[in-house]
Each structure stands twice: as structure tokens, then as C-alpha cells.
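**Student:**
Protein chains in written order, with the numbering used here: chain P, 9 to 295; chain C, 18 to 639.
(1) What's the call for residue 447 of chain C, buried or exposed, on a 16-neighbour Cβ count within 10 Å?
(2) Could you name the residues of chain P that residue 86 of chain C contacts, counting a contact when the two beta carbons are closer than 7 Å?
(3) Would you say residue 60 of chain C lies against chain P (beta-carbon separation less than 8 Å)?
(4) Count the other CB atoms within 10 Å of the CB of residue 174 of chain C; is the residue buried (16 or more) or exposed (fewer)?
(5) Using a Cβ-Cβ cut-off of 6 Å (strictly less than) and excluding sequence neighbours within five positions of residue 229 of chain C, which residues of its own chain qualify?
(6) I'd like to know if the segment 530 to 546 of chain C and the segment 498 to 514 of chain C are in contact, where contact means that at least 3 CB-CB pairs between them fall below 8 Å.
(7) Which residues, taken in chain order from the segment 226 to 244 of chain P, show a beta carbon closer than 8 Å to some beta carbon of chain C?
(8) Can you find at least 3 beta carbon pairs, one from the segment 188 to 207 of chain P and one from the segment 147 to 154 of chain P, that sit closer than 8 Å?
(9) Quick one: which chain C residues come within Cβ less than 9 Å of residue 79 of chain P?
(10) Which residue spans inside the segment 133 to 181 of chain C form an unbroken alpha helix (DSSP H) run of at least 4?
(11) Compare the Cα-Cα distances from residue 114 of chain C to each of C/620, C/81, C/461 and report the closest residue.
(12) Can you list, in chain order, the residues of its chain whose CB lies under 6 Å from that of residue 180 of chain C, leaving out five sequence neighbours each side?
(13) Please list the terminal residues of the continuous beta strand (DSSP E) segment that includes residue 87 of chain P.
(14) Roughly how many angstroms separate the alpha carbons of residue 110 of chain C and residue 423 of chain C, rounded to a whole number?
(15) Do residue 521 of chain C and residue 551 of chain C have their C-beta atoms closer together than 8 Å?
(16) Measure the Cβ-Cβ separation of residue 86 of chain P and residue 32 of chain P and say whether it is below 8 Å.
(17) Rounded to the nearest angstrom, how far is the Cβ of residue 72 of chain P from that of residue 84 of chain P, given a contact under 8 Å?
(18) In whole angstroms, what is the alpha-carbon distance linking residue 579 of chain C and residue 195 of chain C?
(19) Going along the segment 275 to 301 of chain C in order, which residues come within less than 9 Å of chain P, judged by CB to CB distance?
(20) Determine, using beta carbons only, whether residue 433 of chain C and residue 409 of chain C come nearer to each other than 8 Å.
(21) Taking 7 Å as the line, does the beta carbon of residue 87 of chain C fall inside it for any heavy atom of the ligand MG?
(22) Three or more C-beta pairs closer than 8 Å, one from the segment 278 to 294 of chain C and one from the segment 303 to 318 of chain C: is that the case here?
(23) Return the first residue and the last residue of the beta strand (DSSP E) that residue 586 of chain C is part of.
(24) Roughly how far, in whole angstroms, is the beta-carbon of residue 132 of chain C from the beta-carbon of residue 171 of chain C, given that I think they are within contact range, below 8 Å?
(25) So within the segment 92 to 155 of chain P, which uninterrupted beta strand (DSSP E) runs reach at least 3 residues, ignoring any that extend past its ends?
(26) Ends of the alpha helix (DSSP H) at residue 252 of chain P?
(27) Just to confirm the assignment: which complete beta strand (DSSP E) runs, minimum length 3, are found wholly within the segment 326 to 376 of chain C?
(28) Taking residue 207 of chain P as the query, report the chain C residues whose CB atoms sit under 9 Å from its CB, ordered along the chain.
(29) Sorted by chain position, which residues of the same chain lie with C-beta nearer than 6 Å to residue 33 of chain C's C-beta, five sequence neighbours on each side aside?
(30) Determine the extent of the alpha helix (DSSP H) in which residue 211 of chain P is found, giving its start and end residues.
(31) Any beta carbon from chain P within less than 8 Å of residue 40 of chain C's own beta carbon?
(32) In angstroms, rounded to a whole number, what distance separates the CA positions of residue 92 of chain C and residue 148 of chain C?
(33) To the nearest angstrom, how far is the alpha carbon of residue 488 of chain C from that of residue 85 of chain C?
(34) Alpha helix (DSSP H) containing residue 287 of chain P: first to last residue?
(35) So with CB distances below 7 Å, who are the chain C contacts of residue 161 of chain P?
(36) How would you list, in chain order, the residues of chain P whose beta-carbon sits under 8 Å from the beta-carbon of residue 621 of chain C?
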């Protein structure tokens with residue numbers, strides 16, 4: 009048996025090591041369905057021959073950066089915030105991210121890091137609030153540590169659109185509910201941000217109640233909130249964002265500089281409406 | 018020390034610290050903002066520490082989060098929940114353990130790459146190893162000699178936590194207390210100053226014990242310093258100090274001794290201290306080539322004393338002192354489809370045991386002393402090509418006491434689909450003899466095959482199943498040297514969380530026989546069961562865990578009836594409530610009910626297991 013194993017090793021070592029290394033290494037946080045969809049979307053459009061995938065939850069703390077470096081890929085795709093946080097120390101290989109919220113990409117983008125933002129541009133939401141729902145006063149409750157960057161973007165977009173933002177800060181869910189009551193009579197629409205401090209199971213009941221009692225429509229960032237009282241949501245499609253990341257990766261692999269590829273917002277979004285809530289509020293919206 | 022650690026913790030807690038990103042903002046937490054939990058479910062397809070395409074061995078990984086959810090105090094308690102690891106918890110520091118029925122003598126226990134097993138009989142005091150500083154535990158079930166040398170039964174590899182990469186220190190403090198004076202206080206502090214990262218931990222665990230003369234008291238201190246070489250790698254220094262004392266129990270002496278002794282019952286005390294240290298370099302020589310160098314040292318002092326119960330006169334003293342030092346060098350070369358790893362290990366070990374027994378029985382030859390120098394050279398390749406992986410490996414060991422050993426293994430994996438993995442592994446391995454005591458423990462060798470499947474094809478279920486068969490020769494069993502045939506299978510399953518609730522199952526069956534006579538062997542556990550009902554909504558968590566082992570004990574051993582009883586499941590309940598979750602800190606109250614239904618699981622009535630008892634505590638992280 010020793011001789012057999014030695015022969016196998018010798019043949020392999022003398023093989024000449026054809027350069028079949030994976031062109032792209034994908035680092036993915038967990039095996040979650042939206043991440044899987046983004047990954048498969050990426051493969052559809054990136055046009056790469058070989059992809060090697062490291063799933064952090066499978067690796068359980070192993071040195072991923074080292075494994076990526078040893079794989080010597082031409083490009084790294086980071087799927088999710090945890091993945092981007094782990095590979096941000098890699099400076100010598102282009103990194104494209106997808107399914108990462110803006111709060112986690114603010115410090116990460118640089119000369120070799122770019123990607124697809126997870127959130128729809130603030131302008132798109134505010135246009136819906138201003139034009140579709142006819143409200144010029146839009147209320148936001150947020151935790152600066154979580155969604156401060158998004159609120160900053162919203163302020164600039166509101167100025168362009170002539171919309172008044174009524175902003176309240178909250179450091180915990182109870183404070184969010186208290187601040188919500190202070191918005192009574194001061195807003196025409198409420199815009200929910202993807203802020204885990206503000207949007208919880210309990211606070212959503214308060215938002216729904218506020219919406220019904222004050223006839224203020226709530227616009228959300230995900231369709232799951234339509235069942236919880238929101239009138240509309242602008243959804244993004246993970247598979248499509250994956251395809252968008254694939255196209256960006258293709259450009260980089262073809263010679264484009266990652267620095268020149270500025271981060272992109274999702275190319276495709278979809279408006280979803282809860283018609284019974286809309287009817288109750290006397291609003292007409294088309295999906 | 019504990020009080021000052023807690024004071025440090027509270028001071029830091031309220032002086033500002035970075036947000037708890039890891040605990041609060043995992044990917045799944047973030048996505049739950051956008052999707053219903055049922056829309057996220059895919060389930061982890063493997064628990065392997067390496068990518069699916071590379072792991073042919075039967076490996077189970079336990080993470081820091083899982084350890085925390087168990088409210089466990091030491092490594093023995095954690096391993097007791099791992100399917101395929103059989104642990105006989107005897108209270109205090111005394112614990113017997115085996116891996117798929119392979120005795121502790123054949124299992125290598127590593128912390129930071131340093132063996133925690135002693136040289137005299139290869140036993141590790143796993144009940145003394147704290148779990149607060151553990152990042153993950155990798156358990157390789159089956160021969161791992163091509164990677165680690167003497168590891169016929171497998172490896173329990175403990176990887177400690179690394180420094181947190183933030184300038185402001187983070188850490189945790191926990192305190193728990195329970196019946197019979199059981200107390201556990203642990204603290205950790207970690208951060209990075211410039212290029213220097215540090216991780217420090219320490220604590221104390223004590224108990225009055227749940228059997229007569231079974232009190233225990235253990236202290237632990239650990240430090241890891243990590244100097245970053247930026248993109249080139251890092252230099253790591255660790256030091257680990259464990260000290261403990263415990264009463265082992267009250268033991269009747271054999272009837273044949275009674276005519277010459279004034280009394281027939283003795284008590285036993287064990288005191289043990291271990292100091293280990295490592296200095297390691299990880300350096301990227303080129304983009305394709307990485308070098309790992311490590312130096313390691315270890316000191317062990319273990320004293321066992323037995324006294325007559327009534328008079329307090331000394332019956333027996335055994336003092337074991339060991340020194341070990343070693344080095345390893347490893348090159349990793351990644352090119353094309355290949356990851357080639359080659360390297361060498363050197364270990365020097367010296368042990369000296371002095372033993373003295375009550376004069377009427379005569380005196381043991383004392384002191385006994387021995388040295389073993391080991392050189393090991395290894396080479397392996399992992400060839401990953403699309404859905405296939407092949408891993409041939411070879412190792413040559415030369416020892417000053419036992420001569421030469423060749424070990425080889427050949428593993429393969431195939432990703433049948435994105436959700437199903439097949440793995441198969443063939444391995445030959447060995448275990449070195451122990452330096453002192455029984456000279457019969459020499460040249461034990463094994464060949465083993467393992468085949469398994471891991472799949473999430475069944476909706477809402479992660480399933481891992483495997484079959485194994487191995488033949489070990491020259492295995493010392495009760496003074497005989499046998500050819501041992503072991504065959505069996507294991508199943509692990511876990512449902513997808515539904516409303517934050519999931520079920521888990523682990524089952525292992527082992528049939529062990531004398532390969533020459535086909536006679537079924539006793540004293541090797543035949544069946545183990547692990548059942549779990551879990552809940553975790555990130556504020557409240559709970560787990561009802563059932564554990565059962567059919568120890569397969571004979572009615573008598575050496576003419577003595579040990580009156581083993583193991584008809585019952587042992588059910589434990591773990592609860593936790595994150596009472597405070599802030600930007601910079603969180604506090605959790607936790608509670609454990611042990612052996613809720615007063616089940617019996619013991620291999621010897623001297624080591625009868627505790628009845629129902631409770632403990633609770635507070636854990637603060639910042």
C-alpha cells in the first residue's frame with residue numbers, strides 16, 4: 009500500500025500542475041436561500057470556467073483569507089456581510105460583493121472592492137412616497153448606528169425631490185415606539201428603513217396601528233411587511249443582483265479596474281402592494 | 018483573581034466598547050429583516066471544517082456558540098454531547114472517554130497543536146480543560162495518523178479563540194453557581210493594539226462533588242499574543258496553565274488484601290498541573306507557498322494519593338512528572354487543482370514516575386523513567402476537480418522506543434448534487450506504546466474504512482450518515498493482545514428551524530469482536546443516543562437534551578461485581594435569556610437542570626452519576 013500511495017503522490021507531483029485553479033472564489037456567509045439565489049445568478053452571467061465556494065458556516069472559523077489566497081483566484085465574490093468582513097483584508101485580488109447592506113460596505117470599498125448594494129436607492133422610495141402616495145412629509149425613525157448612511161442619502165434625495173423628511177432617532181425598539189407617537193399629524197407617509205432597532209415584531213404592530221388610526225400609509229423595504237400593515241414595498245431580487253454582480257465581475261476579469269467600477273444599486277426592483285390596506289386608506293397603486 | 022476579573026469586566030462594560038456585531042448582526046439576522054424565516058431555509062450541508070469538496074474524513078465540529086448554548090464547564094461535558102464520542106463522566110477530574118469505541122489510549126487530544134495526553138498512559142484530563150477560550154473543536158473519528166502520527170482512534174483538536182481585531186478591548190465575564198457548592202467563574206479580555214493582538218482568559222471551577230470524597234477545584238489561565246506581519250502572515254505565542262485537585266472517591270480494597278490490612282477502604286486524591294506553551298510562525302513565502310513553523314513545550318505534574326478512610330494513613334503515592342518539547346515545520350503549496358502539504362514533526366518526551374505503596378504490600382519499582390523521541394515526515398495532496406476530490410496521504414514516523422511506522426490514507430468525496438455529498442476514506446494508523454506501566458501496549462496498528470453521505474435533499478432535514486469498519490491488531494485488552502474488529506454506523510440529523518424550533522438526533526452503533534474468535538467483546542459501548550429539542554429566538558433559548566449509552570459492561574470484572582447501571586436516558590434542560598441587549602454589551606441569564614428524571618448511567622457503582630440538580634448563572638459580553 010505504501011508503494012501505491014507513493015506512486016499516486018509521485019504521479020501527481022510530476023503532473024506539472026496544470027493551471028486549473030478556480031478563476032473565482034466565492035465566499036458566502038451561510039447557506040441561506042437568498043444567498044444561494046445570488047450565487048447561482050452570479051454563475052449565470054460571470055462566464056467563468058471554474059468557481060470554488062467557501063461557506064463560512066461550513067468552515068466554522070477556519071482561516072478563510074488564507075484559503076482564498078492559496079486558491080489564487082482572479083476574483084473573489086463575497087456573498088453577504090459576514091463574507092465581506094472576512095475578505096476585506098485581501099488587497100491583491102479584486103473583490104465583488106453582493107447581498108451586503110450599505111452600512112457594511114461604507115468602509116470596505118476601495119481600490120480592489122466594489123459590488124452591488126443591497127438596498128434600493130432612497131430616491132426611488134421618496135418618489136413613491138411623493139408621487140405615488142401624494143405625501144410630501146415623509147417620516148423616518150432610525151438608529152444612526154444602523155442606518156445613518158441611508159438617512160444621509162435620503163436627506164440629499166429629499167432635497168432634490170422637494171420632500172420634507174421628518175426624522176426621529178431611536179436607540180432601542182421602545183424608543184422607536186415612543187418616537188412614532190410624536191409623528192402624529194406631522195407626516196403624510198412613513199418610510200420603514202431596514203433597521204433592526206426600529207423594525208421588530210413588536211414595533212410593527214405599533215406601526216400598523218399608527219397607520220390605521222392616522223391614515224398614514226407605511227412603505228416598507230420588503231414584501232413580508234405587507235401582511236403586517238404596510239401598503240407598499242419595493243423588493244429586490246437576489247438572483248438578479250447575483251446576475252448583476254456576475255456582469256460586473258466579467259468586466260473586471262476582462263480588464264476593467266475594480267476602482268473604476270463604482271458600487272451599483274440593484275438594477276431591477278419590483279413594487280408590491282397590499283391592495284386591501286390601500287383600499288382602506290383610499291390609495292390607488294399599480295404593481 | 019475572579020473578583021478582579023469581574024471588576025475589570027464591569028469597568029470596561031460601562032466605558033464604551035465596539036458594537037456586538039457578531040452576536041447582533043449575523044447574515045441570517047439581517048436577512049430575517051427582509052424575509053420570512055421559512056424563505057431562508059436551506060440548512061448547512063456539512064459540519065466539516067473544510068469545504069465539502071475536501072473532507073473525506075468523518076469529522077464533527079463543535080463551535081463556540083454551540084458550547085455556550087450547552088452551558089458547559091469543561092471539555093468532557095461538551096464531548097459528552099458529540100455523537101460517536103463516549104464519555105464516562107465520573108465527577109471531579111476523573112473522566113474516561115473513547116472515540117467510536119477506541120480507548121482514550123488511542124485518541125490524541127490537542128490544544129493549540131500541543132498534546133494534552135500524558136506520556137505515561139496517553140490519558141488527557143479532559144474535565145480540566147475549560148471551554149470559555151475555545152473557538153471550535155474538531156473531532157476526527159477514525160485513524161488520523163497520516164496527519165498527526167500516533168492517533169489510531171482519532172483526534173480531538175481544540176482550537177482556541179483569536180484576538181478580536183478592534184482597538185477597544187472586548188470580552189466577557191460569566192459566573193454560575195449550583196447545588197453542592199458548584200461554582201464556575203470565567204473571564205476573557207481581547208483586543209488589538211497596533212499590530213499586536215491579545216486574548217486573555219482565566220477562571221476557577223469548584224464543586225463539593227455529588228459523591229463521597231469527590232470535591233474538586235480547578236484554576237485555568239490562558240494567554241495568546243498575535244503579532245501581525247500584515248499580508249505576509251503572523252507570529253503567535255500562547256501559554257496555557259491548568260491546575261486542579263479533586264477527590265476521586267471512596268474505593269474498597271480487594272478482598273485478598275483484607276487479612277493483611279487494618280481496614281479495607283481507601284480514599285483517593287488527584288492533583289494535577291499542566292503548563293503548555295507554543296511559539297508559531299505563519300508566513301507566506303510566495304503567493305503559492307506558505308510556511309508554518311511551531312515550537313511547543315509542556316510540563317506536567319500529576320500526584321495521586323490514596324489514604325485509608327478511617328486512620329488517614331497513606332496507602333499509596335504515585336507521582337508522575339513529565340516534560341515534553343517539540344517542533345513542527347509545514348509547507349503548503351497551492352497550484353492548479355492541488356493543495357500539497359508536506360512537513361515534519363519532532364517530539365521529545367520524558368516521564369518519571371515514582372510510586373510508593375503501603376509497606377505490607379511491598380513497594381513498586383520506583384522510580385520508573387523513560388524517554389521517547391519521535392520524528393515524523395508527512396506529505397499529502399488534496400486534488401479538487403469539479404465535483405470530485407481525491408486526498409492521498411503518507412507519513413513516516415521513527416521513534417526511539419518503538420521503531421518505525423508507515424501510515425497512509427486515501428480519501429475521496431463526490432458532490433452528487435449541490436445538496437448531497439458522498440465521502441469515503443481508507444486509512445492505516447498506529448498508536449505508540451506508553452512509556453511507563455504496561456509493556457504490552459506496543460505496536461498497536463489499525464486499518465479502517467469509512468463511507469458516508471451528507472444531504473439536505475429531504476425537505477427541512479440535514480442528514481449525515483456513515484458506515485465504518487476497522488481492524489486493529491495487537492490491541493491490549495485486559496492483559497491480552499487481541500485482533501479487534503469493529504464495525505458500525507452513525508446517523509446525525511437536524512431539522513430546519515421552524516418558528517425558531519428544531520430537533521436533533523445522533524445515533525451510533527458499534528459491534529466490536531475478537532477478529533480471531535468472532536466473539537463479541539464487552540466494555541466497548543454498543544449504542545449511543547443523543548436527542549435534542551431546541552429553541553432560540555436570540556432573546557430566549559432552550560434545549561432539552563437526552564443522552565444514552567449502552568456501555569456493554571460485563572457483570573463482573575476480575576471477579577468483582579461493579580454493578581453498572583445504564584438503562585436510562587439522562588435528560589438535561591438548558592435555558593438562556595438575553596436580559597439586556599445594548600449597542601456595546603449584552604447580558605444573559607442561564608440555567609441548567611441536570612438529570613431531570615434521576616436517570617442512572619454509570620459503569621461502576623463507585624462512580625454513580627448525580628441525581629437531579631440545578632445551577633444558574635449570568636454571562637456578560639461587551
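For each residue, glycine too, the CB sits at the ideal point set by N, CA and C.
**Tutor:** Well, looking at it:
(1) On the second chain, residue 447 of chain C is found 430 positions in, with the first residue counted as 1. Label assigned to residue 447 of chain C: buried.
(2) On the second chain, position 69 is the one that residue 86 of chain C refers to. Within 7 Å Cβ-Cβ: nothing; residue 86 of chain C doesn't reach chain P, min ~15 Å.
(3) Here residue 60 of chain C refers to the residue found at position 43 when the second chain is read from its first residue. Any answer about residue 60 of chain C is weak, because its pLDDT of 33 lies below 50 and its placement is not dependable; what the coordinates show is given next. At least one chain P Cβ lies under 8 Å of residue 60 of chain C.
(4) Within the second chain, the letter at position 157 stands for residue 174 of chain C. Answer is buried; the Cβ neighbour count reaches 16.
(5) On the second chain, position 212 is the one that residue 229 of chain C refers to. Only 267 meet the Cβ criterion.
(6) Output reads yes: the segment 498 to 514 of chain C touches the segment 530 to 546 of chain C.
(7) 229, 230, 232
(8) The answer is yes - the segment 147 to 154 of chain P touches the segment 188 to 207 of chain P, with three or more Cβ pairs under 8 Å.
(9) What you label residue 79 of chain P is simply residue 71 of the first chain in a count that begins at 1. Contact annotation for residue 79 of chain P against chain C: 351, 356 [CB-CB distance below 9 Å, chain order].
(10) 162 to 165
(11) Numbered from its first residue, the second chain carries residue 114 of chain C at position 97. If we check each option's Cα against that of residue 114 of chain C, C/620 comes out closest.
(12) Start at 1 with the first residue of the second chain, and residue 180 of chain C comes out as number 163. Result list for residue 180 of chain C: 207, 209, 214, 215, 216, 243, in chain order.
(13) Start at 1 with the first residue of the first chain, and residue 87 of chain P comes out as number 79. Element bounds for residue 87 of chain P: 83 to 87.
(14) By one-based count along the second chain, residue 110 of chain C stands at place 93. By one-based count along the second chain, residue 423 of chain C stands at place 406. Answer to the nearest angstrom: the Cα atoms are 35 Å apart.
(15) By one-based count along the second chain, residue 521 of chain C stands at place 504. By one-based count along the second chain, residue 551 of chain C stands at place 534. In contact: residue 521 of chain C and residue 551 of chain C (Cβ atoms closer than 8 Å).
(16) On the first chain, position 78 is the one that residue 86 of chain P refers to. On the first chain, position 24 is the one that residue 32 of chain P refers to. No, these two residues do not count as a Cβ contact at 8 Å.
(17) Position 64 of the first chain, counted from the start, is the residue given in the question as residue 72 of chain P. Position 76 of the first chain, counted from the start, is the residue given in the question as residue 84 of chain P. Not really, about 10 Å apart at Cβ, beyond 8 Å.
(18) One-based indexing of the second chain puts residue 579 of chain C at position 562. One-based indexing of the second chain puts residue 195 of chain C at position 178. The straight-line gap separating the alpha-carbon atoms of residue 579 of chain C and residue 195 of chain C is approximately 30 Å.
(19) 299, 301
(20) For the purposes of this step, residue 433 of chain C is identified with residue 416 of the second chain, where counting begins at 1. For the purposes of this step, residue 409 of chain C is identified with residue 392 of the second chain, where counting begins at 1. It is not a contact, given that the beta carbons lie outside the stated cut-off.
(21) Questions concerning the ligand MG fall outside what the structure shown contains, since it holds no ligand whatsoever.
(22) Note that the segment 278 to 294 of chain C touches the segment 303 to 318 of chain C; at least 3 beta-carbon pairs, one per stretch, sit closer than 8 Å.
(23) Counted from its first residue, the second chain places residue 586 of chain C at position 569. Here residue 586 of chain C belongs to no beta strand (DSSP E), and DSSP marks it neither H nor E.
(24) In the second chain, the residue the question calls residue 132 of chain C occupies position 115. In the second chain, the residue the question calls residue 171 of chain C occupies position 154. Actually they are not in contact, since the Cβ atoms of residue 132 of chain C and residue 171 of chain C sit about 14 Å apart, beyond 8 Å.
(25) You should have 103 to 108, 121 to 125, 145 to 150.
(26) Counting from one through the first chain, the residue named residue 252 of chain P turns up at place 244. Per DSSP, residue 252 of chain P belongs to the alpha helix (DSSP H) from 246 to 261.
(27) 331 to 352, 355 to 374
(28) Counting from 1 along the first chain, the entry for residue 207 of chain P is found at position 199. Ordered by position in chain C, the residues that pass the 9 Å Cβ test against residue 207 of chain P are 50.
(29) By one-based count along the second chain, residue 33 of chain C stands at place 16. Note that residue 33 of chain C has pLDDT 39, beneath the 50 cutoff, so the model's placement of it is unreliable and the number below is only indicative. Excluding sequence neighbours, residue 33 of chain C sits near nothing in its chain.
(30) Along the first chain, read from residue 1 onward, the residue named residue 211 of chain P stands at position 203. Start and end: 209 to 222.
(31) Translated into the one-based positions of the second chain, residue 40 of chain C becomes position 23. In this prediction, residue 40 of chain C scores a pLDDT of 39, lower than 50, which makes its location untrustworthy; no coordinate-derived value is stated.
(32) Stepping through the second chain from its first residue, residue 92 of chain C is reached at position 75. Stepping through the second chain from its first residue, residue 148 of chain C is reached at position 131. Residue 92 of chain C and residue 148 of chain C: Cα-Cα distance of roughly 6 Å.
(33) Taking the second chain and counting its residues from 1, one reaches residue 488 of chain C at position 471. Taking the second chain and counting its residues from 1, one reaches residue 85 of chain C at position 68. Answer to the nearest angstrom: the Cα atoms are 37 Å apart.
(34) Counting from one through the first chain, the residue named residue 287 of chain P turns up at place 279. 283 to 289 is the extent of the alpha helix (DSSP H) around residue 287 of chain P.
(35) Here residue 161 of chain P refers to the residue found at position 153 when the first chain is read from its first residue. Result: empty, since nearest Cβ-Cβ is about 18 Å, beyond 7 Å.
(36) Indexing the second chain from 1 puts residue 621 of chain C at position 604. Those do not exist, as residue 621 of chain C stays about 36 Å from chain P at its closest Cβ, beyond 8 Å.
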